[in-house]
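One structure is given here, and the rest of the page talks about it.
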Amino acid sequence: MSALLFDLLIFSVSILAGLLGAVVGIGGGAVIVPLLTLVFHIDIRLAIGASIISVIATSSGAAVAYIRERMTNLRVGMFLEMGTTVGALTGALLVSVVPDRALFILFGIVLAWSGISMYKSPADAKPLQSSKDKIANYLKLHSHYEDRATGQTVTYAVTGTKLGLGLMYLAGMISALLGIGSGALKVPAMDLAMKIPLKASSATSNFMIGVTAAASAGVYFSKGDINPVLTAPVAIGVLVGAIIGSRILGKLNAKVLRYIFVGVLLVISIEMLQRGLF
Amino acid sequence: MPDEENKVVPEKVEDSDEMRRAEIVVSMVLLLGVSIAATLIGLGIAITFIQDHSLASESYKKVATKSFHFPTTPQAIFKSIAHGQGMGITLLGLFALILTPIVRVATSLLVFKKSHDTPFVLITSFVLVVLLTSFALGRLNL
Chain A
84 MSALLFDLLI
94 FSVSILAGLL
104 GAVVGIGGGA
114 VIVPLLTLVF
124 HIDIRLAIGA
134 SIISVIATSS
144 GAAVAYIRER
154 MTNLRVGMFL
164 EMGTTVGALT
174 GALLVSVVPD
184 RALFILFGIV
194 LAWSGISMYK
204 SPADAKPLQS
214 SKDKIANYLK
224 LHSHYEDRAT
234 GQTVTYAVTG
244 TKLGLGLMYL
254 AGMISALLGI
264 GSGALKVPAM
274 DLAMKIPLKA
284 SSATSNFMIG
294 VTAAASAGVY
304 FSKGDINPVL
314 TAPVAIGVLV
324 GAIIGSRILG
334 KLNAKVLRYI
344 FVGVLLVISI
354 EMLQRGLF
Chain B
22 MPDEENKVVP
32 EKVEDSDEMR
42 RAEIVVSMVL
52 LLGVSIAATL
62 IGLGIAITFI
72 QDHSLASESY
82 KKVATKSFHF
92 PTTPQAIFKS
102 IAHGQGMGIT
112 LLGLFALILT
122 PIVRVATSLL
132 VFKKSHDTPF
142 VLITSFVLVV
152 LLTSFALGRL
162 NL
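Note that the protein sequences, when read in sequence, are chains A and B. In this text, residue positions in the first sequence follow my numbering: the first is 84, and each later residue adds one. In this text, residue positions in the second sequence follow my numbering: the first is 22, and each later residue adds one.
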């Protein structure tokens with residue numbers, strides 16, 4: 084296959100990945116990296132480099148809409164970015180000593196986890212109304228948002244800041260190692276440990292993944308792992324897909340799509356594990 | 022016991038002028054950054070294929086490998102652009118994309134500084150230092 088044809092093909096598939104990703108709430112990287120490595124036999128490090136760039140594009144592209152809708156908790160996001168960026172830096176430095184096989188295995192595990200947590204999709208518990216967390220009170224992390232489904236204003240208090248920050252360090256590291264947004268790790272951390280409502284958690288996670296990706300992208304870029312011929316169609320394709328996806332989000336039957344996507348994730352997860360183990 | 026540490030939430034922080042300003046500035050930076058980057062990347066890759074027919078018809082397996090060479094330092098990228106090469110424009114676009122979140126952090130730091138929110142000035146400064154360190158470490162090729 085010629086490079087031009089390859090780029091056009093990757094561009095089209097990336098649009099689809101970005102679209103699916105936006106609709107089910109997971110970054111395009113979860114699909115792009117396995118596709119490039121398993122189907123096209125591209126070096127996993129180049130696939131991760133291309134994917135990390137697409138994470139920055141989708142995060143920045145979607146954040147604008149979320150911020151306008153006031154779903155993003157900017158203060159929580161900026162606070163937790165201390166954890167994700169240091170984690171990402173650690174991951175980017177570790178990636179050169181981690182063998183390819185380990186990357187495949189880790190990818191498989193993270194995908195399986197993402198699939199399972201998407202399937203379970205936790206029910207929104209009643210938000211906390213007061214908090215004893217000193218850091219959260221001092222930094223005024225508590226917030227509120229307008230729930231468009233019910234038309235009500237949801238006010239919530241934030242707790243578990245230390246645990247949240249620690250979990251973000253891990254999420255940032257995995258993000259950098261695998262070139263994915265790892266929203267599947269960040270959202271439960273905010274939702275379960277910090278008691279931030281799911282919708283605000285998702286929007287805030289999306290806000291953070293751009294900065295997290297940027298912290299490792301600098302290292303990947305200098306190493307020459309961001310191959311322009313491979314990265315350009317992936318980055319633009321995923322961005323276009325994510326924009327279309329976020330527009331049609333309300334019109335789709337997200338539940339059916341979600342189950343299909345869970346199935347796809349589990350299949351890819353097994354493929355990646357197999358590649359790493361055998 | 023209704024002490025200071027057990028405050029009831031609705032302080033409506035997000036409605037403060039400071040957070041309003043932060044929201045607007047952050048949105049603008051992100052939108053501008055992504056638009057510029059996507060335009061440069063799209064144009065750059067199109068020009069690359071138009072200029073270099075041998076690259077366009079080369080097997081992708083030879084292009085999408087570690088041994089495929091392209092500029093990775095700012096100096097080399099600007100040299101490539103000065104020669105009118107699409108590859109340089111593509112890389113500038115990718116670089117702009119990586120820079121977008123960093124500029125976002127830097128501008129929110131300024132917003133917090135303007136409203137004398139010291140804790141958040143420190144938090145955003147810390148994140149900015151980590152981001153700049155990652156670039157410095159990348160250049161050292163560790």
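Glycine included, C-beta positions come from ideal geometry on N, C-alpha and C.
Rounded separation between residue i and residue j - CA only
i: P207 of chain B; j: H225 of chain A; result: The question about residue 207 of chain B has no answer here: the residues shown for chain B are numbered 22 through 163.
i: L360 of chain A; j: R184 of chain A; result: 7 Å
i: S265 of chain A; j: Q72 of chain B; result: 38 Å
i: I327 of chain A; j: Y149 of chain A; result: 15 Å
i: I57 of chain B; j: K215 of chain A; result: 44 Å
i: L313 of chain A; j: F190 of chain A; result: 20 Å
i: L51 of chain B; j: S352 of chain A; result: 32 Å
i: Q235 of chain A; j: T242 of chain A; result: 22 Å
i: I93 of chain A; j: A67 of chain B; result: 14 Å
i: L161 of chain B; j: L118 of chain A; result: 31 Å
i: K100 of chain B; j: V84 of chain B; result: 21 Å
i: P23 of chain B; j: K135 of chain B; result: Because the pLDDT of P23 of chain B is 42, which lies under 50, any placement of that residue in the model is unreliable, and the number read from its coordinates should be weighed accordingly. Spanning the two alpha carbons is a distance of roughly 33 Å.
i: I292 of chain A; j: S213 of chain A; result: 28 Å
i: M84 of chain A; j: V122 of chain A; result: 13 Å
i: S258 of chain A; j: A117 of chain B; result: 20 Å
i: S329 of chain A; j: S179 of chain A; result: 35 Å
From the options, residue whose alpha carbon lies closest to that of residue i
i: M254 of chain A; options: A:T167, A:A105 and A:L118; result: Reading off the sequence, residue 254 of chain A comes out as Ala, not Met. It is A:T167.
i: G160 of chain A; options: B:V148, B:L152, B:R160 and B:L161; result: B:V148
i: M49 of chain B; options: A:A145, A:F187, A:H124 and A:R358; result: A:A145
i: R358 of chain A; options: A:P182, A:G170 and A:L103; result: A:P182
i: A318 of chain A; options: A:A86, A:I139, A:V122 and A:H124; result: A:I139
i: L260 of chain A; options: A:S134, A:S97 and A:D90; result: A:S134
i: G324 of chain A; options: A:L88, A:S299, A:S95 and A:A276; result: A:S95
i: T69 of chain B; options: A:P117, A:F344 and A:D90; result: A:D90
i: A175 of chain A; options: A:R341, A:F344, A:I343 and A:D308; result: A:D308
i: I62 of chain B; options: A:L322, A:I263 and A:W196; result: A:L322
i: A97 of chain B; options: B:F89, B:K87, B:S88 and B:M108; result: B:M108
i: L246 of chain A; options: A:R231, A:S213, A:L349 and A:K278; result: A:K278
i: H90 of chain B; options: A:I136, A:M154, A:L129 and A:E152; result: A:L129
i: V142 of chain B; options: A:R158, A:M251 and A:G262; result: A:R158
i: G111 of chain A; options: A:I131, A:V270, A:V339 and A:L250; result: A:I131
i: F187 of chain A; options: A:V116, A:S179 and A:R330; result: A:V116
Exposed unless 16 or more other CB atoms sit within 10 angstroms - verdict on residue i
i: S80 of chain B; result: exposed
i: A157 of chain B; result: exposed
i: Y303 of chain A; result: buried
i: H227 of chain A; result: buried
i: L152 of chain B; result: buried
i: G104 of chain A; result: buried
i: F221 of chain A; result: According to the sequence displayed, residue 221 of chain A carries Tyr and not Phe. Classification for Y221 of chain A: exposed.
i: E229 of chain A; result: exposed
i: E164 of chain A; result: buried
i: I144 of chain B; result: buried
i: M256 of chain A; result: buried
i: S75 of chain B; result: exposed
i: F344 of chain A; result: buried
i: G346 of chain A; result: exposed
i: L348 of chain A; result: buried
i: S78 of chain B; result: exposed
Helix, strand or coil at residue i [DSSP, three-state]
i: Y252 of chain A; result: helix
i: D216 of chain A; result: coil
i: E79 of chain B; result: coil
i: S258 of chain A; result: helix
i: H137 of chain B; result: coil
i: V178 of chain A; result: coil
i: S88 of chain B; result: coil
i: S197 of chain A; result: helix
i: Q235 of chain A; result: strand
i: S226 of chain A; result: strand
i: V30 of chain B; result: Here V30 of chain B scores only 49 on pLDDT, less than 50, and its place in the model is too uncertain to base an answer on.
i: D24 of chain B; result: Confidence in D24 of chain B is poor, its pLDDT being 44 and thus under 50, which makes the residue's placement unreliable; the coordinate value appears in the next sentence. Looking at D24 of chain B - three-state DSSP - the assignment turns out to be coil, as it is neither helix nor strand.
i: S85 of chain A; result: strand
i: I423 of chain A; result: Here chain A covers residues 84 to 361 and nothing more, so residue 423 of chain A does not appear.
i: P316 of chain A; result: helix
i: D73 of chain B; result: coil
i: P41 of chain A; result: Nothing can be reported for residue 41 of chain A: it is not among the residues displayed for chain A, which extend from 84 to 361.
i: A59 of chain B; result: helix
i: Q106 of chain B; result: coil
i: L211 of chain A; result: coil
i: T93 of chain B; result: coil
i: Q263 of chain A; result: Contrary to the premise, residue 263 of chain A reads as Ile rather than Gln in this sequence. The answer is coil: DSSP assigns I263 of chain A none of H, G, I, E or B.
| request: Any chance you could list the alpha helix (DSSP H) runs of at least 4 consecutive residues sitting entirely within the region 112-173 of chain A, in chain order? | output: List check, alpha helix (DSSP H) in window: 112-117 and 127-151.
| field | Interfacial residues, the region 60-74 of chain B to chain C, with Cβ spacing under 8 Å | value | The structure shown has no chain C; the protein chains it does contain are A and B.
| task | Give, in chain order, every unbroken run of the alpha helix (DSSP H) that is at least 4 residues long and sits entirely within the region 109-155 of chain B. | result | Runs of the alpha helix (DSSP H) inside the region 109-155 of chain B: none found.
| request: Could you name each continuous alpha helix (DSSP H) segment of 4 residues or more that falls completely within the region 279-310 of chain A, going from the start of the chain to the end? | output: Unbroken alpha helix (DSSP H) stretches of 4 residues or longer found wholly inside the region 279-310 of chain A: 281-306, given in chain order.
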